[in-house]
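These notes concern the structure reproduced below.
Have a look at this one:
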């Protein structure tokens with residue numbers, strides 16, 4: 002089986018930096034994904050890590066430690082439009098299925 | 003990026019009827035598509051893996067006779083919710099990937115309301 006944990010909700014201030022953590026336990030790990038989802042919409046891809054380390058993509062960065070079963074998504078220079086749910090997802094070798102965590106609802110305040 | 007389209011976006015139906023949702027990969031061929039269900043304030047729950055030309059693989063707890071999946075071509079997978087009940091009301095989202103191990107692209111989602 003698999004277990005993916007993220008905080009349920011977070012609040013941050015516009016212009017600040019926020020880190021959303023994700024821990025996972027799974028067999029056959031084959032990559033970790035971060036998606037952004039606005040209410041009523043489908044998820045959109047943010048980042049992907051399969052090796053340990055930091056992946057940077059503009060205002061968004063994602064980090065992975067496979068030995069610790071840990072990842073985080075870092076959002077810099079927060080904007081109001083960043084208010085959304087952020088989903089951590091683990092891909093398994095078997096069938097390439099993507100299993101999602103419960104999501105972290107981020108609220109960005111002025 | 004690749005485009006995945008779902009139809010309909012919204013559907014309201016009476017209890018006991020069946021509803022079909024289509025998922026199309028518009029600019030690529032997808033041998034595998036995935037169907038997810040999302041209840042309000044919850045994450046995406048994988049329902050099944052749809053394989054072109056073969057039977058779908060269902061996740062534990064998902065009734066295959068209630069959620070019929072057909073993947074008849076490399077660009078189209080359909081999910082039919084049979085004899086729908088109010089508890090089936092949910093946001094259904096499909097996804098497809100260009101190649102094994104590749105990024106998943108999501109459709110816009112289909113919101114089903116069963117009265």
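Chains as they are written, first to last, in the working numbering: chain A, 2 to 111; chain B, 3 to 117. Yeah, the Cβ is synthetic: ideal placement off N, Cα and C, and Gly gets one too. Please read all numbers here as calculations on a predicted model, not as lab measurements.
>> In this structure, how does DSSP classify residue 83 (chain A) when only helix, strand and coil are distinguished?
In response: helix
> What residue range is occupied by the uninterrupted beta strand (DSSP E) comprising residue 6 (chain B)?
Replying inline: 6 to 9
> residue 91 (chain B) to residue 13 (chain B), Cα distance in whole Å?
Replying inline: 10 Å
>> Output needed for residue 6 (chain A): all residues of its chain with C-beta closer than 6 Å, excluding positions within five of it in sequence on either side, in chain order.
In response: 24
>> Which of the three DSSP states is assigned to residue 104 (chain A) in this structure?
In response: coil
> Are the C-beta of residue 69 (chain A) and some C-beta of chain B separated by less than 8 Å?
Replying inline: no
> residue 18 (chain B) versus chain A: which residues are under 9 Å apart at the beta carbon?
Replying inline: Correct list: empty, because the minimum Cβ distance to chain A is about 27 Å.
> If contact means a Cβ-Cβ distance below 9 Å, which residues of the segment 22 to 46 of chain A contact chain B?
Replying inline: 31, 32, 34, 36, 38, 41, 42, 43, 44, 45 and 46
>> For residue 47 (chain B) and residue 101 (chain A), what's the separation of their Cα atoms in angstroms?
In response: 7 Å
>> Can you list, in chain order, the residues of its chain with a C-beta nearer than 6 Å to that of residue 88 (chain B)? Leave out the 5 residues immediately preceding and following it.
In response: 116
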